[in-house]
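Structure record follows, encoded as structure tokens.
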Ligand SMILES: Cc1ncc(C[n+]2csc(CCOP(=O)(O)OP(=O)(O)O)c2C)c(N)n1
Ligand SMILES: Cc1ncc(C[n+]2csc(CCOP(=O)(O)OP(=O)(O)O)c2C)c(N)n1
Ligand code: SF4
Ligand code: SF4
Ligand SMILES: [Mg+2]
Ligand SMILES: [Mg+2]
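Protein chains in written order, with the numbering used here: chain A, 146 to 477; chain B, 146 to 477; chain C, 39 to 655; chain D, 39 to 655.
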């Protein structure tokens with residue numbers, strides 16, 4: 146914490162050339178994350194970035210912290226090991242829609258369920274970037290790609306719904322080009338004790354350019370997104386004149402005055418789940434911001450608490466005693 | 146369909162000795178499934194049972210149909226291949242809470258997302274039976290087992306919430322000892338076109354006896370469960386006097402008269418998700434029955450539709466033409 | 039049983055008893071008690087429990103039979119014996135499943151109280167083996183144990199169910215009488231075990247006493263037998279240990295010797311789960327156990343923990359090993375310590391999950407994409423699993439490498455007396471973490487004299503660095519697509535692993551240092567091979583044996599040893615995997631394979647026969 | 039370039055050109071057009087594209103350089119050449135990355151329009167190579183192509199960005215002039231390609247013509263060169279084919295020859311994705327492609343489809359191969375046909391994903407838990423991948439077994455002219471499904487003369503049966519824990535796979551049937567080995583070559599061949615994997631390994647040198 150005042154964004158830049166395609170949304174995210182790190186007050190050597198494989202997963206190389214570029218889909222499993230081994234580290238996972246939800250979907254589900262105190266940034270570009278443009282589990286149905294020349298038959302995942310279904314304690318969404326918003330969301334994620342799942346809409350200029358233009362493009366953003374700010378009314382639109390309320394389970398557009406006040410900390414994640422379903426409705430604004438943020442014991446703390454408790458009741462384990470446990474006899 | 150009248154439950158018994166522990170809940174499920182098969186009107190040779198590894202996964206050996214006992218966690222992937230290869234087969238997956246939600250969680254998530262027309266029976270005994278009693282991803286936190294002598298640190302999955310988060314089109318729950326209910330649920334699952342996910346509470350007498358006694362035991366069942374029957378009010382209790390209604394996202398107990406009418410086919414799965422959250426409240430009845438049942442195109446049909454369309458526009462592929470595609474030249 | 043003359047109490051060198059009954063009959067407890075009493079007397083011992091297949095089968099059926107074989111001896115022994123001398127069969131299923139193993143002329147004790155029509159039907163028997171002649175050639179002792187126990191416990195006020203659960207102690211008492219053993223060890227154990235239900239302790243004591251007295255009174259037997267203490271046992275404190283337990287304790291010890299916190303990432307699988315279960319109980323040693331969602335997450339979390347400064351460990355069996363393959367490649371690439379334990383079982387695929395086999399050797403040595411060398415070692419007995427686990431930790435930490443330790447189902451569930459090591463015998467191999475920034479900057483892929491790279495723990499100021507699976511530049515560890523660097527790194531990794539042989543001894547030959555035939559073994563064939571060779575040597579046959587603990591790299595000096603023998607016989611519970619490796623490493627020597635792939639260990643007699651045949655040719 | 043005397047148009051036997059520029063410069067198109075025109079003229083050809091690493095690097099940087107090498111010849115050739123004779127470099131990065139490969143005295147064409155300060159900086163160059171002497175020893179041709187194209191296209195009304203995108207056609211025109219090739223093939227291609235934007239077709243034509251004319255007018259070159267048609271090419275219809283494409287077409291053909299619907303389960307991975315992408319475009323052939331969530335689901339779905347009566351196929355590269363290991367075991371256990379294609383890349387772990395290597399051979403043969411034998415074959419050239427894919431399908435279907443087909447990055451992305459087979463040359467191997475219940479009942483694990491079991495498709499009345507990974511009883515397929523049955527089944531599976539050698543020919547030796555040295559290769563070393571041996575033999579050196587398609591089981595007759603040579607040299611892009619297998623199979627012969635693990639194919643010259651050294655010893 147002592148270093149807080151002294152660190153700036155550029156302290157987090159590593160000496161490696163950044164190698165994404167010019168114009169890739171990943172640059173904006175890197176920039177924002179480096180800025181957020183400078184604000185956290187965590188010294189560089191206590192930070193560890195962990196990733197799988199994909200364009201997005203090259204991220205750790207560009208951060209001047211500890212970093213582990215692992216294998217495809219398994220970053221969350223590695224992060225579970227790292228955080229459990231040393232709960233004092235601030236562990237961040239960077240993953241893609243393919244890495245985190247296709248091959249890595251199960252580890253994602255389980256880290257969320259366990260509530261390991263790890264922050265997860267899922268760069269969703271709705272495509273496999275690194276392997277040059279195949280559809281991903283978040284690509285919309287009918288999407289034509291190299292492996293779906295007649296359009297993809299798959300129905301996509303909604304990452305937020307998926308995370309909620311797994312019992313996630315913190316779920317949020319933000320947009321590569323919306324730096325202020327991203328910063329707020331990342332700060333909230335960092336403040337959350339437990340697994341924080343942040344979906345980031347990220348533009349892949351090469352293989353899926355403009356995938357989020359209808360919602361994320363600056364001129365339409367305010368009309369086509371609604372920001373879920375805990376404690377604030379669900380108001381949106383350039384003029385802040387529109388709102389969202391729920392009628393018989395369906396979110397509907399209403400006037401700002403009628404808008405419901407957002408709560409991310411209800412006992413039931415039902416409300417967050419209903420909000421997530423707005424994704425399927427092109428006529429509704431896309432929710433961004435914080436879907437859910439509730440307190441729950443973390444996995445890593447639980448592990449170490451048991452070790453403490455075992456030592457308190459049984460004493461620190463002695464190898465001598467362990468060897469001699471069970472029934473012994475002596476040959477003289 | 147011609148065989149409909151002629152098949153009876155015993156036609157579905159194979160010649161293999163059933164090898165579960167005496168008293169295992171699996172027997173009751175086998176019995177019910179064999180009865181349901183006899184009602185479906187699908188000839189035996191069109192039925193295929195696919196399983197992973199676990200006590201539950203021995204199921205196919207006991208069915209006198211086609212069957213594939215595969216590897217741990219992958220039954221849904223095999224089933225996707227089988228159904229895609231031959232959409233005329235009626236394909237049933239039998240899996241356990243470990244097989245289907247621990248190692249197999251990702252394939253489970255993806256089959257649900259894709260909506261492959263396969264019926265999935267997940268025998269949830271909240272334990273690893275076959276490997277002799279370790280906790281599973283559905284075991285409650287604090288559960289003491291061979292691998293968690295001080296209680297499990299993991300927060301459990303709720304299988305129904307998980308399935309809803311993955312975008313499942315049919316989600317239901319039933320109980321091994323409640324044969325009538327199971328029969329109705331299985332018939333509804335069979336009638337659903339698309340992936341049907343059925344969680345079955347199953348008692349493991351050896352390693353987790355009585356796990357569901359407080360809700361499933363016959364004397365308390367009517368008071369401690371509420372049956373989600375589409376189109377019917379959410380009424381429960383021995384006297385049918387109690388009901389469920391939703392107040393600010395939380396299900397609450399009310400009088401039968403105030404009970405909401407259940408709908409499993411809303412555009413948004415939000416309502417079903419809110420219902421699933423009742424699991425966490427011991428003071429509320431446990432919902433069983435049909436959480437969700439909506440129509441959507443199936444993956445296997447989509448695949449074959451593309452093949453038809455390709456043939457319609459490009460003609461049935463000729464090997465000669467394929468070899469000679471691209472630019473050719475001749476050496477004379 | 040090499041019988042002698044004495045009339046009353048006949049001495050024997052070594053006896054094998056198998057207790058067999060239904061899963062619910064308590065045969066494992068009976069066997070363990072007999073074992074423990076014999077240990078205290080000072081016999082050498084080896085045991086093998088034979089559990090039924092995974093799911094509990096209906097009572098009285100053949101798949102429901104549970105067995106426990108114990109061999110106790112006045113001389114050094116290495117196996118639980120090929121054939122029981124005595125079979126105790128608590129019901130028809132237990133009889134029919136086990137009788138074919140009994141040596142001819144052996145004693146069979148049958149509980150006739152469990153031989154009703156219904157009992158026979160459950161065991162799938164058309165006729166009663168007690169009367170249909172199938173027990174010809176054995177000495178049959180029929181006792182209605184149900185009835186005897188009922189009588190012995192009349193008046194205790196226990197329910198008849200409770201009474202019947204004491205049957206196994208009746209048989210134990212009978213065996214104690216027959217082999218002239220004291221009851222006190224078991225009496226003490228009963229008091230402890232049933233401290234909260236003294237009436238049950240009492241009942242079991244009564245049953246045991248009744249069985250003991252029955253031997254005395256009824257003259258079932260011609261006489262009693264005696265197996266004298268083994269005088270060649272090394273001095274020291276002993277305990278009986280199963281292989282999985284020994285592995286678990288060895289891993290804790292290995293981590294302590296390295297000065298590291300052990301982190302086990304594992305997913306349950308037969309027959310490896312026991313290690314996870316044991317380590318989950320050692321929390322006071324700082325052991326972190328993570329029951330992962332699958333084997334992939336298990337190894338990845340373990341490797342992550344190693345990156346973070348723990349000693350990462352993962353335990354599994356064949357199918358799980360397959361799933362860990364990709365992550366092992368990353369462990370090789372990132373050069374982090376990691377101990378991977380594979381308790382082998384019958385394969386391929388699900389195979390014979392409760393049976394033993396040694397068919398994962400080639401997978402362990404060669405089964406990864408790319409050039410991904412990993413040291414491989416194998417435990418030879420339950421107690422040896424402790425030493426091997428320590429050794430695996432040593433290699434992993436000293437060489438910054440994943441290490442594969444092979445065990446198998448036979449070792450995992452088998453037990454033997456283990457002379458406990460003195461703490462001073464265990465040599466520490468402390469992990470040396472990089473702590474400060476060296477002059478010129480930190481180079482994560484520099485190397486020490488063993489070619490091991492430095493280990494810098496996240497949390498250490500100034501050593502921030504990134505590692506991963508894309509090829510790394512020598513020294514700096516930066517991403518490198520440079521062709522020459524790739525070749526250099528591949529060779530360095532291979533050399534490092536080969537260099538492990540500098541730290542291991544050449545194994546010692548059992549018997550003459552040269553001759554016609556060397557029997558070369560690895561893993562759990564140790565007991566059978568040693569017994570066979572010792573037996574033959576006693577008969578004057580000139581045959582020697584050599585057992586390998588390190589399978590990759592192979593220790594130095596083998597070439598010279600092989601050169602002193604005309605040929606080398608390699609018995610394996612697979613289709614010839616080590617023989618294949620040896621042929622490719624030492625093409626100048628002649629290796630004869632000898633395979634058994636039956637989910638069952640070799641019998642000493644099979645090996646004796648095989649060796650004789652070869653030598654006679 | 040074996041030069042001759044003629045003054046004006048000099049004939050050459052074989053020429054290598056490399057086009058190099060930024061990823062956006064269209065070098066792949068340029069190379070392909072040159073290739074195609076040369077093909078139509080009748081040259082023999084080999085090409086190798088060299089894509090930048092996975093992610094598109096910033097324009098003008100070294101990692102952003104894209105290259106395409108084409109070799110065209112009047113005689114049979116087998117590789118795209120060790121060193122280019124001509125290098126076309128569109129910017130400083132392309133120059134600096136490629137210049138070291140150019141043969142000394144070679145021609146380098148440089149686009150000076152792209153050599154500003156800024157351009158040099160992007161390429162990380164402190165000085166300008168055009169003036170700092172680094173091009174000494176080459177014939178340098180400086181042309182401001184940016185400017186030339188701007189002039190040529192003035193008045194077309196195109197934007198300057200559109201104009202600059204025609205630069206590559208200027209260089210193509212220049213090369214067409216230099217090597218005396220007609221423009222018509224490319225003109226036709228442009229018309230087709232830009233049918234909807236004729237103004238772009240026109241612009242590219244103008245640019246190409248300007249390049250062609252520049253050759254004529256400016257006297258850049260001393261003269262023109264000529265590479266005559268290759269007269270030894272076999273008659274027939276040809277196309278240029280890349281390895282991944284050939285594999286895809288071969289799988290479609292193989293399925294048709296078996297009378298089966300192909301089902302591909304796959305997950306994208308470099309360099310294998312191309313096969314999935316190609317097959318996804320063949321829906322009219324009934325090809326089902328399933329892009330799975332991971333490699334495990336991919337192989338499981340494929341095996342499921344085989345159970346259901348399709349020809350299951352799965353394609354991947356190293357890390358994906360690792361993940362498929364467990365399911366391969368089930369394929370072995372259930373004895374279902376399955377074709378597994380591994381397009382090898384640099385390892386271990388993520389390794390060098392865009393580079394080539396042959397280091398997955400031991401994994402393919404031995405890398406599974408349990409005794410799990412699988413036939414393994416390897417393609418040697420892009421066109422050979424077609425034949426190998428068909429062969430893999432044949433073995434899978436006729437022997438009811440999984441089959442592994444190894445390809446690699448060099449084959450996958452390399453291209454060569456492929457003489458299209460006549461349909462009649464392709465021999466069908468129809469799958470024979472069990473259709474009716476045989477007398478005595480259906481036995482799913484009975485065997486035919488090849489030891490293959492019957493294949494009964496779900497949906498067939500009366501053949502309902504269950505299969506799985508637990509050991510199956512011989513004949514009935516029921517679960518069996520019987521020890522002897524397990525050994526029998528293990529041996530039957532091994533024998534069945536070994537029996538495949540009865541259906542494959544002994545490969546033919548290139549050169550003398552006996553001698554000092556045999557160079558033995560497998561996979562994509564074919565071209566380099568063949569070129570080296572042919573070159574040496576022309577020089578009178580007595581060396582022979584043999585190339586293996588089948589790696590497991592090895593074909594019959596090798597022993598006899600090896601016996602006729604003093605030693606056998608085994609060049610491999612790994613640390614000696616095939617050599618290891620050969621030593622263990624034929625310990626009586628002497629095998630010399632020769633390794634290159636650089637993510638790069640062998641050069642012919644490296645092999646020539648190595649062979650000479652060995653022969654001189
Ligand atoms: C086991 C394995 N399978 C497949 C791959 C190939 N692969 C690398 S990244 C990737 C998907 C990348 O997509 P995503 O996670 O969305 O990341 P992006 O590149 O879009 O940022 C795939 C399929 C691999 N490296 N390893
Ligand atoms: C790859 C692999 N890992 C682990 C196992 C061991 N294993 C078999 S079944 C099982 C879990 C069984 O639990 P569940 O799916 O809940 O089924 P149940 O036995 O309770 O019906 C495990 C861990 C295996 N067979 N394969
Ligand atoms: S391919 Fe797409 S995601 Fe990858 S670096 Fe380029 S723009 Fe970014
Ligand atoms: S262990 Fe449990 S789940 Fe398995 S068969 Fe026995 S009672 Fe059933
Ligand atoms: Mg992506
Ligand atoms: Mg279970």
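Think of the CB as a built atom: it goes at the ideal place given N, C-alpha and C, for glycine as much as any other residue.
DSSP three-state assignment for residue i, whether helix, strand or coil
i                      : result
residue 195 of chain A : strand
residue 201 of chain C : helix
residue 461 of chain D : helix
residue 227 of chain D : helix
residue 227 of chain B : helix
residue 101 of chain D : helix
residue 169 of chain C : coil
Length of the line joining the Cα atoms of residue i and residue j
i                      : j                      : result
residue 327 of chain C : residue 214 of chain A : 24 Å
residue 202 of chain C : residue 184 of chain C : 7 Å
residue 437 of chain D : residue 416 of chain D : 18 Å
Residue i beta carbon near ligand 2 (any heavy atom closer than 7 Å)
i                      : result
residue 275 of chain B : yes
residue 464 of chain B : no
Per DSSP, the bridge partner or partners of residue i
i                      : result
residue 399 of chain B : B:388
Closer than 7 Å: residue i CB and nearest ligand 6 heavy atom
i                      : result
residue 307 of chain C : no
Handout entry: Cβ contact check for the segment 592-599 of chain D and the segment 595-604 of chain C: 3 or more pairs under 8 Å
Key = Not touching, per the Cβ criterion.
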